[in-house]
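To convert, note that position 35 of the sequence shown is 34 in numbering that gives the first Met the number 0; the numbers rise steadily by one, no gaps.
Below: one structure, written as structure tokens.
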Amino acid sequence: MVSPHGEGYDVAFDYGDRTGYEPISDIDRKEFHEQGFLLLRNVLTEDHRAALEAAVDRVYAEEKAKGNTTKDGTLHLLGFLERDELFGDLLTHPIAFPYMWGLAGWNIYTHHNHLDVTPPALEPEKPYWGWHQDGYRQNSDPETMDPNLPRPMFSLKVAYVLSDLSENGRGATKVIPGSHLWNSLPRPADTSVHNPDPEGTVEITANPGDAFIFDRRQWHSRSTNLSTITRKMLFVGYTYRWIRPLDELHIDKDGEWWANRTPVQRQLCGEGTHTANYWGINWDGYIDDEIPLRKELKQRGLLDRSIPWLR
């Protein structure tokens, strides 16, 4: 069923009058810029969360049957969006999506997305140092010689929590609030032994249906699932269209999944009319007002010249 709001969202999941085009608050924007992440409560309705979990369980069973899980059953599946209709609709989720365009603008798409299933660990926690920033060469290529000058954000992720991560020790993501402004993090001399987490570490404990958003520069780490609960998460990353994709999507452009995508969702899957279009312009050098997300925001009066990425 197509939503009356025109974004292809299944109206079986009741989000009231939310359209995905409600501007985020100045308070949320300030917190994100200061802390590097936001925890959002009750993003998914319970029926939506349950449907997503069922879809994850189906994909997990398929991948396990192919031998694509680790020996303890862990699955980290890249480029999962086209595996279910529900996954494609997450691109413009009515509560989470405003944070994507509100914090990164209209010239964006998803370059990196992964489905994670983490069963309880079979062995005690082993020493490891998992702290990192996302982006690979984005952490080196644009860096200046001034260590006090933070690198650009370039991308951000929204993580949908499908299982109960309300207590520590269930494999949740760890972050250091404010560390997105650091270009480096001291590393222990010996990572073959257990080392304490860096000062200020927070484990993002969340309830089923919550979500969190984080700047790719945020220093973060996985954690070992020492509980009896299987951790299930969906991560959708957004970046600028002039940046190449990290994950390879296997979209059948003649299939039903693609036919059901809205113009904005197709943009978010990487569609463009020509190479300059990915840079936000036509060949005449002027902004292309037909880029679907820009067009949508302009029609709704949501472009804002005081915010560089919404000009």
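We treat Cβ as the ideally placed atom computed from N, Cα and C, and that holds for glycine.
All of these numbers come straight from a predicted model, not from anything done at the bench.
Nearest to residue i (by Cα), restricted to the options the options
i	options	result
Pro176	Asp71, His219, Glu124	His219
Gln137	Leu161, Met152, Ile94, Lys297	Met152
Pro207	Ala50, Trp181, Leu74	Ala50
His32	Ile286, Thr91, Leu102	Leu102
Asp16	Ile94, Ala120, Asp27	Ile94
Tyr127	Arg186, Ser162, Asn259, His179	Arg186
Leu77	Val116, Glu45, Ile212, Ser178	Val116
Trp241	Gly269, Trp257, Arg82	Gly269
Thr18	Trp308, Glu295, Arg310	Glu295
Trp130	Gly170, Gln217, Arg150	Gln217
Trp59	Asp46, Arg215, Leu74	This sequence places Tyr at residue 59; Trp is not what is there. Of the listed residues, the one whose Cα sits closest to Tyr59 is Leu74.
Ile107	Ile306, Ile290, Leu39	Ile290
Leu248	Thr109, Leu38, Glu62	Thr109
Leu121	Leu90, Asn112, Gly170	Gly170
Gly168	Asn276, His179, Ser222, Leu43	Ser222
Ala158	Phe36, Leu302, Leu309, Trp257	Phe36
Ala205	Ser178, Thr261, Thr172	Thr172
Leu148	Ser178, Ser154, Pro119	Ser178
Counted within 10 angstroms of its Cβ, other Cβ atoms place residue i as buried (16 or more) or exposed
i	result
Asp71	exposed
Lys156	buried
Trp100	buried
Leu225	exposed
Arg243	exposed
Trp105	buried
Asn41	exposed
Pro97	buried
His273	exposed
Val10	Annotation note: pLDDT 48 at Val10 (below 50); position unreliable, coordinate value reported separately. Burial call: exposed.
Met232	buried
Asp283	exposed
Tyr285	exposed
Ala188	exposed
Thr143	exposed
Pro146	exposed
Reduced DSSP secondary structure (H/G/I, E/B, other) of residue i
i	result
Met99	helix
Tyr59	helix
Gly236	strand
Gly7	Note on Gly7: pLDDT 43, under 50, position unreliable in the model; no value is reported.
Thr274	helix
Glu202	strand
Lys231	strand
Thr261	coil
His249	coil
His32	helix
Asp214	strand
His92	coil
Ile26	helix
Pro291	helix
Leu37	strand
Leu74	strand
Asp83	coil
Leu309	helix
Met0	Low confidence applies here, because Met0 scores a pLDDT of 31, under 50, leaving its location unreliable; read the following figure in that light. Coil, per DSSP.
Asp115	strand
Glu21	coil
Below-9 Å beta-carbon distance, residue i vs any chain E residue
i	result
Phe31	Of the protein chains in the structure, only one exists, and it is not chain E.
Alpha-carbon to alpha-carbon, residue j and residue i
i	j	result
Val236	Gly66	Note that residue 236 is Gly in the sequence shown here, rather than Val. Taking the straight line joining both Cα atoms gives about 26 Å.
Met0	Asn259	Any reading at Met0 must be qualified, since the residue scores a pLDDT of 31, below 50, and its modelled position is unreliable; no value is offered.
Val192	Lys125	8 Å
Tyr8	Tyr20	In this predicted model, Tyr8 has a pLDDT of only 43, less than 50, meaning its place in the structure is not dependable enough to derive any value.
Ala54	Phe79	11 Å
Lys297	Glu255	29 Å
Val174	Asp163	18 Å
Pro141	Gly134	11 Å
Ile212	Arg28	11 Å
Ile250	Gln132	28 Å
Leu267	Pro123	40 Å
Thr227	His92	30 Å
Leu85	Trp181	36 Å
Gly300	Asp46	32 Å
Ser139	Asp13	44 Å
His4	Arg82	With a pLDDT of only 35 at His4, under 50, the local geometry of the prediction cannot be trusted, and the value read off the model is given with reservation. Going from the Cα of His4 to the Cα of Arg82 covers about 24 Å.
Ile203	Ser24	22 Å
Check: residue i C-beta below 8 Å from any heavy atom of the ligand MN
i	result
Gly284	You won't find the ligand MN in this model; it holds no ligand whatsoever.
Output the residue ranges of the beta strand (DSSP E) runs that lie fully inside the segment 130-211 and measure 3 residues or longer, sorted by chain position. Whole beta strand (DSSP E) segments, 3+ residues: 154-160.
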